[in-house]
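Just so it is clear: in the sequence shown, position 14 is 1473 by this note's numbering, and no numbers are missing.
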Amino acid sequence: MADTTCHMSISLDGFVAGLDQRLDQPLGRRGGELHTWHMPGADVGEADLTATDWLMRPRGAYVMGRNMFGPVRGAWDQDWQGWWGAEPPYHAPVYVLTHHAHEPIELEGGTTFHFVTDGFDAAYAEASRVAGDRGVDIAGGASTVRQALAAGVVDELTLDIAPVLLGTGERIFEGEAFDFEPVEVLHSPLTTHIRYRRR
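Here it is in C-alpha coordinates:
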(Lines of atoms letter the chains of each structure in order from A and count residues from 1; the text may use other names and numbers.)
(Lines give C-alpha, C1' and ligand atoms only; values in the text may rest on other atoms or scores of the structure.)
Protein backbone atom coordinates (compact mmCIF):
# COMPACT_ATOMS: atom_id res chain seq x y z
CA MET A 1 0.00 0.00 0.00
CA ALA A 2 1.25 3.52 -0.83
CA ASP A 3 2.08 6.00 1.92
CA THR A 4 -0.50 8.13 3.66
CA THR A 5 0.82 11.66 4.01
CA CYS A 6 -0.12 14.79 5.92
CA HIS A 7 1.40 18.25 5.43
CA MET A 8 0.48 21.07 7.83
CA SER A 9 1.68 24.58 8.60
CA ILE A 10 1.90 25.18 12.34
CA SER A 11 2.82 27.99 14.73
CA LEU A 12 5.66 27.82 17.24
CA ASP A 13 3.06 27.27 19.97
CA GLY A 14 1.35 24.40 18.15
CA PHE A 15 -1.66 25.89 16.37
CA VAL A 16 -2.62 25.20 12.76
CA ALA A 17 -5.45 27.74 12.60
CA GLY A 18 -6.59 30.71 14.62
CA LEU A 19 -9.92 31.17 16.33
CA ASP A 20 -13.06 32.40 14.58
CA GLN A 21 -12.76 30.70 11.20
CA ARG A 22 -15.32 32.19 8.82
CA LEU A 23 -15.82 33.25 5.21
CA ASP A 24 -13.63 36.36 5.45
CA GLN A 25 -10.87 34.60 7.43
CA PRO A 26 -10.80 30.92 6.45
CA LEU A 27 -7.78 30.13 8.64
CA GLY A 28 -9.10 32.04 11.66
CA ARG A 29 -7.58 35.12 13.21
CA ARG A 30 -3.93 35.43 12.09
CA GLY A 31 -3.95 31.88 10.70
CA GLY A 32 -2.79 33.15 7.32
CA GLU A 33 0.54 34.11 8.89
CA LEU A 34 1.44 30.41 9.01
CA HIS A 35 1.26 30.08 5.23
CA THR A 36 3.33 32.98 3.87
CA TRP A 37 6.01 30.52 2.70
CA HIS A 38 3.85 29.28 -0.19
CA MET A 39 1.63 32.27 -0.95
CA PRO A 40 1.96 34.38 -4.11
CA GLY A 41 4.12 37.44 -3.63
CA ALA A 42 6.13 36.07 -0.71
CA ASP A 43 9.92 36.27 -0.79
CA VAL A 44 10.35 32.50 -0.84
CA GLY A 45 13.65 30.64 -0.91
CA GLU A 46 14.78 27.30 -2.27
CA ALA A 47 13.64 25.49 0.89
CA ASP A 48 10.13 26.91 0.52
CA LEU A 49 9.96 25.91 -3.14
CA THR A 50 11.00 22.36 -2.26
CA ALA A 51 8.41 22.17 0.51
CA THR A 52 5.77 23.51 -1.88
CA ASP A 53 6.62 20.61 -4.19
CA TRP A 54 6.09 18.24 -1.25
CA LEU A 55 2.74 19.89 -0.51
CA MET A 56 1.48 19.85 -4.09
CA ARG A 57 2.64 16.38 -5.17
CA PRO A 58 -0.23 14.44 -6.72
CA ARG A 59 -2.07 11.99 -4.50
CA GLY A 60 -4.71 9.41 -5.30
CA ALA A 61 -7.32 10.67 -2.82
CA TYR A 62 -7.71 13.09 0.07
CA VAL A 63 -9.54 13.17 3.40
CA MET A 64 -10.52 16.48 4.97
CA GLY A 65 -12.84 17.82 7.62
CA ARG A 66 -15.85 19.97 6.98
CA ASN A 67 -14.16 23.06 8.45
CA MET A 68 -11.38 22.63 5.89
CA PHE A 69 -13.96 22.40 3.11
CA GLY A 70 -15.70 25.64 4.02
CA PRO A 71 -17.36 27.98 6.52
CA VAL A 72 -20.87 26.48 6.33
CA ARG A 73 -21.90 24.92 9.64
CA GLY A 74 -24.90 22.73 10.43
CA ALA A 75 -27.31 21.85 7.65
CA TRP A 76 -26.21 22.60 4.09
CA ASP A 77 -28.19 25.79 3.55
CA GLN A 78 -25.74 27.44 1.12
CA ASP A 79 -24.57 26.52 -2.36
CA TRP A 80 -20.94 26.13 -1.28
CA GLN A 81 -18.39 24.28 -3.43
CA GLY A 82 -15.19 24.85 -1.46
CA TRP A 83 -12.61 27.63 -1.14
CA TRP A 84 -10.75 26.78 -4.34
CA GLY A 85 -12.98 27.91 -7.22
CA ALA A 86 -13.97 25.91 -10.27
CA GLU A 87 -10.75 23.86 -10.39
CA PRO A 88 -9.46 22.90 -6.93
CA PRO A 89 -5.80 21.82 -6.62
CA TYR A 90 -6.59 18.20 -5.68
CA HIS A 91 -7.36 16.61 -9.09
CA ALA A 92 -8.56 13.47 -7.27
CA PRO A 93 -11.48 12.35 -5.08
CA VAL A 94 -11.76 14.23 -1.77
CA TYR A 95 -13.68 12.69 1.15
CA VAL A 96 -15.14 15.35 3.45
CA LEU A 97 -16.13 14.38 7.01
CA THR A 98 -19.50 15.80 7.98
CA HIS A 99 -22.56 15.08 10.11
CA HIS A 100 -24.90 16.27 7.34
CA ALA A 101 -25.42 14.32 4.12
CA HIS A 102 -24.70 16.06 0.81
CA GLU A 103 -24.61 14.91 -2.80
CA PRO A 104 -21.11 14.73 -4.34
CA ILE A 105 -19.79 17.90 -5.97
CA GLU A 106 -17.85 17.31 -9.19
CA LEU A 107 -15.59 20.16 -10.29
CA GLU A 108 -13.07 20.72 -13.05
CA GLY A 109 -9.70 19.00 -13.20
CA GLY A 110 -10.80 15.67 -11.72
CA THR A 111 -11.76 16.83 -8.21
CA THR A 112 -14.97 15.41 -6.77
CA PHE A 113 -15.94 16.13 -3.18
CA HIS A 114 -17.69 13.19 -1.50
CA PHE A 115 -19.39 13.77 1.86
CA VAL A 116 -19.00 11.02 4.46
CA THR A 117 -21.31 10.90 7.47
CA ASP A 118 -20.07 7.72 9.16
CA GLY A 119 -16.72 8.89 10.46
CA PHE A 120 -13.02 9.04 9.74
CA ASP A 121 -12.46 5.29 9.41
CA ALA A 122 -15.09 5.01 6.68
CA ALA A 123 -13.73 8.02 4.79
CA TYR A 124 -10.16 6.76 5.03
CA ALA A 125 -11.12 3.26 3.90
CA GLU A 126 -12.86 4.59 0.80
CA ALA A 127 -10.00 7.02 0.04
CA SER A 128 -7.50 4.16 0.33
CA ARG A 129 -9.59 1.98 -1.96
CA VAL A 130 -9.73 4.53 -4.78
CA ALA A 131 -6.21 5.96 -4.32
CA GLY A 132 -4.40 2.81 -5.32
CA ASP A 133 -0.62 3.20 -5.52
CA ARG A 134 -0.85 7.02 -5.51
CA GLY A 135 -1.66 7.07 -1.79
CA VAL A 136 -3.90 9.17 0.44
CA ASP A 137 -3.28 12.62 1.89
CA ILE A 138 -4.88 13.86 5.11
CA ALA A 139 -5.58 17.44 4.05
CA GLY A 140 -6.78 18.91 7.37
CA GLY A 141 -8.10 20.55 9.39
CA ALA A 142 -6.94 20.01 12.93
CA SER A 143 -9.63 17.57 14.06
CA THR A 144 -9.21 15.36 11.00
CA VAL A 145 -5.43 15.25 11.43
CA ARG A 146 -5.85 14.31 15.10
CA GLN A 147 -8.16 11.45 14.08
CA ALA A 148 -5.66 10.24 11.47
CA LEU A 149 -2.79 10.33 13.95
CA ALA A 150 -4.88 8.52 16.58
CA ALA A 151 -5.79 5.86 14.01
CA GLY A 152 -2.08 5.36 13.22
CA VAL A 153 -2.53 5.72 9.47
CA VAL A 154 -0.09 8.58 8.76
CA ASP A 155 3.23 7.33 7.36
CA GLU A 156 4.78 10.70 6.53
CA LEU A 157 4.05 13.95 8.36
CA THR A 158 5.46 17.29 7.20
CA LEU A 159 5.27 20.31 9.48
CA ASP A 160 6.03 23.80 8.28
CA ILE A 161 6.86 25.61 11.53
CA ALA A 162 6.30 29.33 11.10
CA PRO A 163 8.05 31.82 13.44
CA VAL A 164 4.64 32.95 14.72
CA LEU A 165 2.94 32.73 18.12
CA LEU A 166 -0.86 32.57 17.80
CA GLY A 167 -1.59 32.05 21.49
CA THR A 168 -4.83 30.20 20.81
CA GLY A 169 -6.65 28.36 18.04
CA GLU A 170 -6.84 24.83 16.63
CA ARG A 171 -4.19 22.24 17.60
CA ILE A 172 -3.29 18.95 15.94
CA PHE A 173 -1.38 17.62 18.98
CA GLU A 174 -3.00 17.18 22.37
CA GLY A 175 -0.41 15.33 24.43
CA GLU A 176 -0.44 11.96 22.70
CA ALA A 177 2.76 10.09 21.88
CA PHE A 178 4.67 11.32 18.82
CA ASP A 179 5.83 8.18 17.04
CA PHE A 180 7.75 9.87 14.21
CA GLU A 181 11.37 10.71 13.51
CA PRO A 182 12.72 13.55 11.36
CA VAL A 183 14.20 12.51 8.03
CA GLU A 184 14.65 15.90 6.36
CA VAL A 185 14.84 19.50 7.58
CA LEU A 186 14.84 22.59 5.38
CA HIS A 187 14.67 26.18 6.55
CA SER A 188 14.13 29.69 5.29
CA PRO A 189 13.43 33.04 6.96
CA LEU A 190 9.72 32.26 6.56
CA THR A 191 9.49 28.70 7.91
CA THR A 192 11.32 25.58 9.05
CA HIS A 193 10.10 22.56 7.09
CA ILE A 194 10.48 19.20 8.83
CA ARG A 195 9.55 15.95 7.13
CA TYR A 196 8.93 13.07 9.55
CA ARG A 197 8.44 9.34 8.98
CA ARG A 198 6.64 6.95 11.28
CA ARG A 199 9.14 4.95 13.34
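For glycine and all other residues, C-beta sits at the position ideal for the given N, C-alpha and C.
DSSP places residue 1527 inside the alpha helix (DSSP H), whose first and last residues are 1525-1528.
Under the 10 Å beta carbon count, residue 1496 is surrounded by 16 or more other beta carbons and is classified as buried. In the three-state reduction of the DSSP assignment, residue 1617 falls in the strand class, which pools E and B. Our two residues, residue 1646 and residue 1507, have alpha carbons roughly 8 Å apart in a direct line.
For residue 1596, the uninterrupted beta strand (DSSP E) segment begins and ends at 1595-1599.
Shown here for residue 1586: same chain residues with a beta carbon closer than 6 Å to its own, the five before and five after excluded, namely 1520, 1522, 1554 and 1595 in chain order. The residue from 1490, 1548, 1559 and 1568 with its alpha-carbon nearest to that of residue 1531 is 1559.
Ranking 1468, 1500 and 1574 by CA distance to the CA of residue 1489 puts 1468 first. By alpha-carbon distance to residue 1466, the top candidate from 1581, 1517 and 1635 is 1517. According to the DSSP assignment, residue 1549 belongs to no alpha helix (DSSP H), since it is labelled neither H nor E.
Contact between the segment 1627-1634 and the segment 1471-1481 is present: 3 or more CB-CB pairs across the two stretches fall below 8 Å.
Taken through DSSP and simplified to helix, strand or coil, residue 1633 comes out as coil. In this structure residue 1638 touches residue 1658 by the C-beta definition: roughly 5 Å separates them, less than 8 Å. Under the three-state reduction of DSSP output, residue 1467 falls in the strand class. Judged by DSSP secondary structure, residue 1643 falls within the beta strand (DSSP E) whose first and last residues are 1639-1646. Under the DSSP assignment, residue 1589 falls in the alpha helix (DSSP H) whose first and last residues are 1579-1590. Beta-carbon to beta-carbon, residue 1633 and residue 1656 are separated by about 22 Å, too far to satisfy the 8 Å threshold. Nearest Cα to residue 1611 within the set 1589, 1579, 1546 and 1536: 1579.
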